[in-house]
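Beneath this line is the structure, given in structure tokens, with notes to follow.
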Amino acid sequence: MNRSILSFVMLLAILVSVTDAAWEDAHATFYGDISGKETMQGACGYGDLFQQGYGLETAALSTALFNNGQTCGACFELTCVNSQWCKQNAGTIRITATNFCPPNYTPPVDIHWCNPPNKHFDLSMKMFTSIAEYKSGIVPVKFRRVKCQKRGGVRFEIKGNPYFVMVLVYNVGGAGDVNSLAIKGHKSNWISMQRNWGQNWDTGVGLVGQRLSFTVRTSDGRSLTFYDVASESWGFGQTFEAKSNFY
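Heads up: the sequence shown runs through residues -21 to -1, 1 to 226, numbered per mature numbering (1 follows the signal peptide of the UniProt record, and there is no 0).
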């Protein structure tokens, strides 16, 4: 088998592993009210989820799923099962992981659904009531990983100061969860960034006044390079959108 065919076969296997993941058991609750304002911000580092394109189709993950923030940006499909509170013919919902549901070790610990080793989704109220009755509070669900379908390109929000650059990566399609990020100014070499928290990545290299390019690698092994995403005049607090995405 020649190298190009082998590469294609490996990529196909990766895509199948994301799109056809096996269904697993978990539970789901919700937090906040129907407006979803309590779901904004969170442990993945995202901000206004409406402005960033996630809306209310989101969830906070338990420790077993959150993986110390490495799962931030991943997408899941859920359906309510085996409960009188499941809405009939509700089908499935799709959500993006945007927050963390912290464990609670106050006795009795077995009633705290976000404690390890439980797999649990704390949904927005809108998403929860799409598949289950509000008064149920908690329901068993089936879930699986799915590809993220995002509109527009991958986005990079640049924060920090002249001596410290931090980049929030979001609106990532495909696997959705970024496991490495590199940055390059047009006068510099490629620099591997470190995960600061969630999907915030940082470097201590000064890059002010340089055009910025990024290489993003997602958890399925795919990698894309986005050249000259930000011009020389970029400023801290600004967000830049690449011309392409993972699909």
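Beta carbons: idealized from backbone N, C-alpha and C, even for Gly.
Check, Outcome
"Please go through the same chain and pick out, in chain order, the residues whose beta-carbon is closer than 7 Å to the beta-carbon of residue 65, but skip the five residues on each side of it.", "59, 110, 111 and 118"
"Helix, strand or coil for residue 112 per DSSP?", "coil"
"Tell me which residues share the same chain as residue 114 and place their Cβ nearer than 8 Å to its Cβ, disregarding the 5 neighbours each side in the sequence.", "64"
"Quick one, are the C-beta atoms of residue 40 and residue 105 less than 7 Å apart?", "no"
"Please report the distance separating the alpha-carbon of residue 177 from that of residue 74.", "17 Å"
"Just the Cα atoms here: how many angstroms apart are residue -17 and residue 198?", "For residue -17, the predicted structure reports a pLDDT of 43, less than 50, and the residue's modelled location is therefore unreliable. A value from the coordinates is still provided. Their Cα atoms are separated by approximately 22 Å."
"Starting from residue 186 and walking both ways along the beta strand (DSSP E), at which residues does that stretch end?", "From DSSP, residue 186 is part of no beta strand (DSSP E); its letter is neither H nor E."
"Quick one, are the C-beta atoms of residue 221 and residue 194 less than 7 Å apart?", "no"
"Contact check, residue 225 vs residue 203 under 8 Å by CB: the rounded distance?", "6 Å"
"Consult DSSP for residue 144 and reduce its assignment to one of helix, strand or coil.", "strand"
"Report the residue from 212, 217, 6 and 182 whose alpha carbon sits nearest the alpha carbon of residue 95.", "6"
"So what's residue 131 in DSSP terms, helix, strand or just coil?", "coil"
"Here's the rule: buried if 16 or more other CB atoms are within 10 angstroms of the residue's CB, otherwise exposed. What is residue 92?", "buried"
"Based on the DSSP secondary-structure assignment, which residues constitute the bridge partners of residue 137?", "146"
"In this structure, how does DSSP classify residue -15 when only helix, strand and coil are distinguished?", "Unreliable positioning characterises residue -15 in this predicted model, as indicated by a pLDDT of 42, which lies under 50. The coordinate reading is nonetheless provided below. Helix."
"Give me the Cα-Cα distance between residue 4 and residue 213, rounded to the nearest whole angstrom.", "45 Å"
"If we ignore side chains and look at the alpha-carbon of each, how far apart do residue 98 and residue 137 end up?", "33 Å"
"Among the residues of its own chain, which have a CB less than 6 Å from the CB of residue 165, if the five just before and after it don't count?", "189 and 190"
"Just confirm the distance between the C-beta atoms of residue 167 and residue 187, as a whole number of angstroms; I'd bet it's less than 8 Å.", "At roughly 11 Å, the Cβ-Cβ gap does not stay under 8 Å, so residue 167 and residue 187 are not in contact."
"On a CA-only basis, which of 17, 86, 100 and 130 is nearest residue 76? Give me that one, please.", "100"
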